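A short worksheet on the structure shown next.
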Amino acid sequence: MLEALNIIIVFLLVLANGFFVASEFALVGVRRSRVAALADAGNQRAKLLLKLVDNLNAYISATQLGITLSSLALGWLGEPAIAHLLEIPLKGRISETLLHTISFTIAFGIITFLHIVLGELAPKTLALERAEKTAFAIALPLQIFYKTFSYPIRLLDWAGTRTVRFFGLHPSGDHASIYTEEELRQLIDLSRRSGHVEAEEQKLINRVFDFADAEVCEAMIPRVAVDALPLTATLEEVKHAFRTLGYSRLPVYRERIDEIVGVLFRRDLEPLPGTVAARRVQFGKAASPATVHSGKRTTWRRTQTHAIVTLAFIHRHR
Numbered sequence: 352m353l354e355a356l357n358i359i360i361v362f363l364l365v366l367a368n369g370f371f372v373a374s375e376f377a378l379v380g381v382r383r384s385r386v387a388a389l390a391d392a393g394n395q396r397a398k399l400l401l402k403l404v405d406n407l408n409a410y411i412s413a414t415q416l417g418i419t420l421s422s423l424a425l426g427w428l429g430e431p432a433i434a435h436l437l438e439i440p441l442k443g444r445i446s447e448t449l450l451h452t453i454s455f456t457i458a459f460g461i462i463t464f465l466h467i468v469l470g471e472l473a474p475k476t477l478a479l480e481r482a483e484k485t486a487f488a489i490a491l492p493l494q495i496f497y498k499t500f501s502y503p504i505r506l507l508d509w510a511g512t513r514t515v516r517f518f519g520l521h522p523s524g525d526h527a528s529i530y531t532e533e534e535l536r537q538l539i540d541l542s543r544r545s546g547h548v549e550a551e552e553q554k555l556i557n558r559v560f561d562f563a564d565a566e567v568c569e570a571m572i573p574r575v576a577v578d579a580l581p582l583t584a585t586l587e588e589v590k591h592a593f594r595t596l597g598y599s600r601l602p603v604y605r606e607r608i609d610e611i612v613g614v615l616f617r618r619d620l621e622p623l624p625g626t627v628a629a630r631r632v633q634f635g636k637a638a639s640p641a642t643v644h645s646g647k648r649t650t651w652r653r654t655q656t657h658a659i660v661t662l663a664f665i666h667r668h669r
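Written out as structure tokens, the structure is:
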């Protein structure tokens, strides 16, 4: 009966070690933005998990304490319990010294195997593959463990911070992941390879990054290739142009294509009788050199500008 109880305790300690290992990797791997969104939507479990993620240093210290206690207890109770079971069938058949050596070696191997596979590798893999689900599962019991051992955990956290500062480092409680543009591109590429992002979606996202460095000349259409309407065009001529060209809007010029006065929208054709009166828009001056700056883009969006007239050549006076 006692031997069976000892074996049960051994497996419970292995599972406890696995719980704390999974907790550590899940808290580090879960996306805070996702948890915060669920919490804002009223998910109570997400609100609890968000408290743990926002106090990450303390709860990582809690998992380390749990792992250490479980491992020490497993080594203290596990080896003798397994060794005792192995000694029973061999007792009296070999010398005591050899019996102890064999039982200890086998018991040590069994405990090490259980500790590494069930207490380390399996929970780590589970937490990495299912970080969100694992984090939700461990949140409540880990919070209970933290509150139970809050004083030792705070002491260990303080001691760890002081030790790190001794080497000239200043740890911060902010563990938010900040990515560069190139790292974001790599993440998007990995997401595409794993099937979470379509190839077309990846192209669209990459174009967002490329647009920040785009030059006006890359988007300009030469004057001779611009499709436009004269200010004196009749309604029938306008309708025919829209049907033929397929655009939703067309620039309107006065006498020459250089004299753009506005933009005509296809949806505005119905109430227009006779001669077209184009909608006037505000045109911003092109930047020099022809680089699209973020401030200028913001102005275009705010004023709902639909077209820009750009000078392709700048003449310099000598």
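When you line the sequence shown up against this note's numbering, it's residues 352 to 669, in that order. A virtual CB, placed ideally from N, CA and C, is assigned to each residue, including glycine. All of these numbers come straight from a predicted model, not from anything done at the bench.
Secondary structure remark: continuous alpha helix (DSSP H) runs of at least 4 residues inside the stretch 434-467, in chain order: 447-467. The stretch 355-364 and the stretch 419-431 touch, with three or more beta-carbon pairs separated by less than 8 Å.
Taken through DSSP and simplified to helix, strand or coil, T585 comes out as strand. For the pair of segments examined, the stretch 401-408 was found not to touch the stretch 442-457: the number of CB pairs separated by less than 8 Å stays below three. Ranking K442, V614 and L506 by CA distance to the CA of R600 puts V614 first. Along the stretch 388-443, the alpha helix (DSSP H) occurs as fully enclosed runs of 4 or more residues at 395-405, 407-424 and 430-441, listed in sequence order. In this chain, I572 is not harboured by any alpha helix (DSSP H), its DSSP state being neither H nor E.
In this structure, DSSP gives Y604 an extended state, which the three-state scheme calls strand. Counting only the Cα atoms, F376 lies some 13 Å from A413. I489 is a Cβ neighbour of S374, given a cutoff of 8 Å. Between the stretch 474-484 and the stretch 377-390 there are three or more C-beta pairs closer than 8 Å, enough to call the two in contact.
With respect to the C-alpha of L436, the residue from V515, E354 and T512 having the closest C-alpha is E354. Here R574 is near I608, since their CB atoms are less than 8 Å apart. Distance from the CA of K398 to the CA of A482, rounded to the nearest whole angstrom, comes to 16 Å. Per DSSP, V381 lies in no alpha helix (DSSP H) segment and is marked neither H nor E. Here DSSP, grouped into helix, strand and coil, assigns F500 to coil. Around the beta carbon of T419, fewer than 16 other beta carbons lie within 10 angstroms, which makes this residue exposed. Residue environment for Y497: buried (at least 16 other C-beta atoms within 10 angstroms of its C-beta). Between the stretch 511-518 and the stretch 540-555 there are fewer than three inter-stretch CB-CB distances shorter than 8 Å, so the stretches are not counted as touching. L596 and D578 do touch by the CB rule: their CB atoms are close to 5 Å apart, below 8 Å. Within the model, the alpha-carbon separation for L586 versus Q537 is close to 51 Å. From the listed residues R605, V612 and F593, the smallest Cα separation to R618 is found for F593.
By the 16-neighbour rule on beta-carbons within 10 angstroms, F464 is exposed. When N368, L520 and D508 are compared, the shortest CA-CA separation from H466 is found for N368. The alpha carbon of A473 has as its nearest neighbour, out of E610, F370, T583 and V603, the alpha carbon of F370. By the criterion of a C-beta distance shorter than 7 Å, A550 is surrounded in its chain by R543, once the five residues flanking it on both sides are discounted.
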